[in-house]
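With the first letter of the sequence shown counted as 1, position 15 gets the number 113 in the numbering used here; the numbers rise by one all the way through.
Here a beta-carbon is modelled for each residue, glycine too, at the ideal position from N, C-alpha and C.
All values reported here derive from a predicted model rather than from experimental measurement.
Heads up, the thing below is written out as structure tokens.
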Amino acid sequence: MSIRAEATPNPNAMKFTADKLIFEGTNSISVMPGDTSEYDILNDLMQVEGVDNVFGYQNFITVNKQFDTEWDDLIPKVTEVIEKYGF
């Protein structure tokens, strides 16, 4: 599968888009620090050093990074987690 990392208007957020559905339905899912989700993929992303929070909807996940984290370091780690789930 292929994950595309795309910049957003927020420099601390990056959108990771898959070419197939990650989340069923029309509800979005947000996970903030200290929270957990029914979706293991989002919980695993929250464990990645430098991730502040995540938002998922249908075929994409938006990752917000901590201010002192660089995207060059974080993108490969986030992509690895998403690909581990077959996306």
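Apart from the 5 residues on each side of it in sequence, N141 sits with its Cβ closer than 8 Å to the Cβ of V129, T134, S135 in its chain, given in chain order. In the assembly as shown, G154 is a buried residue. Its beta-carbon has 16 or more other beta-carbons within 10 Å. Within the DSSP secondary-structure output, E104 pairs in a beta bridge with K113.
Here K118 carries a coil assignment [DSSP, helix/strand/coil].
When secondary structure is reduced to three states using DSSP, N162 falls in the strand class. Spanning the alpha carbons of Q156 and D170 requires a straight line of approximately 25 Å. Looking only at F185, I159, P174, the smallest Cα-Cα distance to N125 is reached by I159.
Here Y155 is bridged, per DSSP, to F158.
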